[in-house]
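Each residue of the sequence shown is one higher than the one before, counting from 49 in our numbering. Just so you know, even glycine gets a beta-carbon here, dropped at the ideal spot from N, CA and C. In what follows, a structure is listed as structure tokens, so that the remarks can point back to it.
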Amino acid sequence: MIEATLIQLGWLGAEAILVSAALLLFYRLRARFGHAMLYVTLGALQYLQTVLATSSFSELFPGVHVSPGSAVLFSANLLVILLVYIREDLEEARRLIYSVVVANAFIGLISLAFGLHLSFSAPGDSAHAAGSLFSTARVLTIGTLVLYLDVILTIVLYEAISRVVRFTYVRIFATVACVLIFDTVLFTAGNFLGDPQFRALLISGIAGKVCAAVFGSAVMTAYLHGLEPHGGTLGTGTDTLSSLFKTLTYRQRFEQLREQLNRDGLTGVYNRAFFDEALAHQLALARRHGHPAALLMLDLDHFKQINDRDGHQAGDRALVAVARVLCDEVRESDLVCRYGGEEFAVICPHASLEQAHGIGDKLRRAVAAIDRDALELGQRLSATIGVAEYPRDADNHEDLIRRADRRLYRGKKLGRDRVVSGG
């Protein structure tokens with residue numbers, strides 16, 4: 049029995065390696081031949097695996113029968129669809145799945161048409177062939193519908209898992225394993241519900257597909273970080289360790305690029321363009337839900353003297369240090385932005401004027417505590433902060449900025465290094 053099991057495992061492993069290598073090769077050759085070769089192969093494999101999943105099983109252990117078509121072919125198809133989505137975009141993944149679904153739906157209709165034709169022919173072999181074609185059409189219909197649901201679930205799950213999981217392999221395995229289990233339940237129920245072997249087939253199918261997911265995810269991860277290591281990130285390609293965690297989809301790469309465009313190039317906090325949009329958005333939310341929102345305008349005192357005496361590089365170091373302590377000291381919901389020059393703005397959702405004044409004083413003390421010697425500055429840093437609250441002080445973002453700015457410059461006249469929230 050052990051020898052037979054090892055032989056079956058060896059066959060399944062060899063089939064998995066052959067199918068994976070062929071599909072990845074066809075995908076790798078897309079630059080030369082386009083996607084047609086891959087799409088045609090996936091369509092054929094989807095038809096083959098759907099038929100094999102209901103007719104061909106290998107007994108690995110007593111009571112555990114695994115279909116090579118289901119475990120090997122379908123798992124490989126799903127992984128390649130996910131690969132296309134990750135490496136390219138949703139539009140290309142949509143073209144792929146439509147090609148496979150339409151091809152299998154057409155084959156199912158043709159099988160049904162020929163089955164009807166043969167059912168009116170002479171009995172005997174023709175009747176048997178008609179029954180076989182009817183069965184094939186039913187299986188293909190179920191398989192095609194389930195495949196479409198599988199692909200949608202795969203994309204949604206991968207996006208969700210990517211937000212909380214850094215390791216590429218874990219992302220891929222968790223996504224594919226969940227989808228394969230979902231597929232096994234639907235496909236087995238659709239084809240074998242009521243069969244005495246239903247429970248055994250369901251358990252066997254899940255076991256076989258999870259094993260396939262372990263192997264296939266490892267192959268796909270190796271491919272992404274081996275043969276095509278640079279396309280999935282926005283980095284320079286030299287950060288090898290980082291790239292192991294940042295296999296991003298096209299949508300994620302777009303969002304990462306958009307996030308970078310919203311950041312100030314020197315300090316890394318949000319820039320003025322983002323500030324204008326975010327403040328208007330936060331006030332709209334505050335208006336809709338009836339809660340306050342506050343704005344802090346912070347200006348570094350005597351900053352021009354730093355640039356004139358210590359040089360602009362020292363001034364840049366000071367700005368970076370200030371941005372860092374602001375981000376460290378604000379609440380998680382607050383947004384730190386560089387308003388311009390040595391002036392920063394902090395948007396504080398759900399904050400009253402009194403709460404915002406407390407946040408401002410915390411920030412003022414944090415700026416004053418920056419080690420000037422470490423930055424090679426000839427003077428200590430200090431900041432003056434003006435605070436305004438919506439809706440108490442203004443009912444739109446432009447007036448709110450003006451009110452906070454007015455209080456900021458009032459603080460300058462009063463001697464600097466202070467927070468002003470009244471007057």
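Given that a residue counts as buried once 16 or more other Cβ atoms are within 10 Å of its Cβ, and exposed if not, what is Asp231? buried
Pick from Ser210, Ala431, Val227: whose alpha carbon is nearest that of Tyr196? Val227
Using a Cβ-Cβ cutoff of less than 7 Å, which residues in the same chain neighbour His405 once the five nearest sequence positions on both sides are dropped? Val435, Val467, Ser469
Between Leu100 and the rest of its own chain, which residues show a CB-CB distance below 8 Å, the 5 nearest in sequence each way excluded? Ser115, Pro116, Gly117, Ser118, Leu121
Excluding five sequence neighbours on each side, which residues of the same chain lie with their C-beta closer than 6 Å to the C-beta of Leu86? Phe74, Tyr75
CB contact flag (Val384, Val317, <7 Å): yes
Residues in the same chain with beta-carbon distance under 8 Å from Leu331, minus the five sequence neighbours each way, listed in chain order, please. Ala341, Tyr438, Asn444, His445, Leu448
How many whole angstroms separate the CB atoms of Ile220 and Leu130, which I take to be in contact at a CB cut-off of 8 Å? 7 Å
Which class does Arg455 belong to by DSSP, given the choice of helix, strand or coil? helix
Which residues DSSP lists as bridging Ser106, in chain order: Val114
What are the boundary residues of the beta strand (DSSP E) that includes Glu390? Neither: Glu390 is in no beta strand (DSSP E) and is coded neither H nor E.
Length-filtered (4 minimum) alpha helix (DSSP H) runs lying within the region 310-376: 320-337, 351-358
According to DSSP, is Ile418 part of a helix, a strand, or is it coil? coil
Could you tell me which residues DSSP puts in a beta bridge with Gly434? Met345, Val468
Here's the rule: buried if 16 or more other CB atoms are within 10 angstroms of the residue's CB, otherwise exposed. What is Ser265? buried
Can you list, in chain order, the residues of its chain whose CB lies under 6 Å from that of Asn355, leaving out five sequence neighbours each side? Gly363
Could you spell out where the alpha helix (DSSP H) holding Ser252 opens and where it closes? 246-274
Measuring CB atoms only, is the region 141-151 touching the region 88-99, in the sense that at least three cross pairs come out at less than 8 Å? yes
Can you give me the C-alpha to C-alpha distance between Leu249 and Arg142, rounded to a whole angstrom? 31 Å
Let me check one thing: in DSSP terms, what residues is Cys396 bridge-paired to? Ala342
Mapping DSSP to helix, strand and coil, what is Leu197? helix
Do the region 416-429 and the region 452-461 meet, that is, are 3 or more Cβ pairs less than 8 Å apart? no
Run the CB neighbour count on Val378, radius 10 Å, all protein chains shown included, and call it buried at 16 or more, exposed below. buried
Limits of the alpha helix (DSSP H) - the one that Arg135 falls within: 123-135
Residue burial classification, Ile65 (beta-carbon count within 10 angstroms, cutoff 16): exposed
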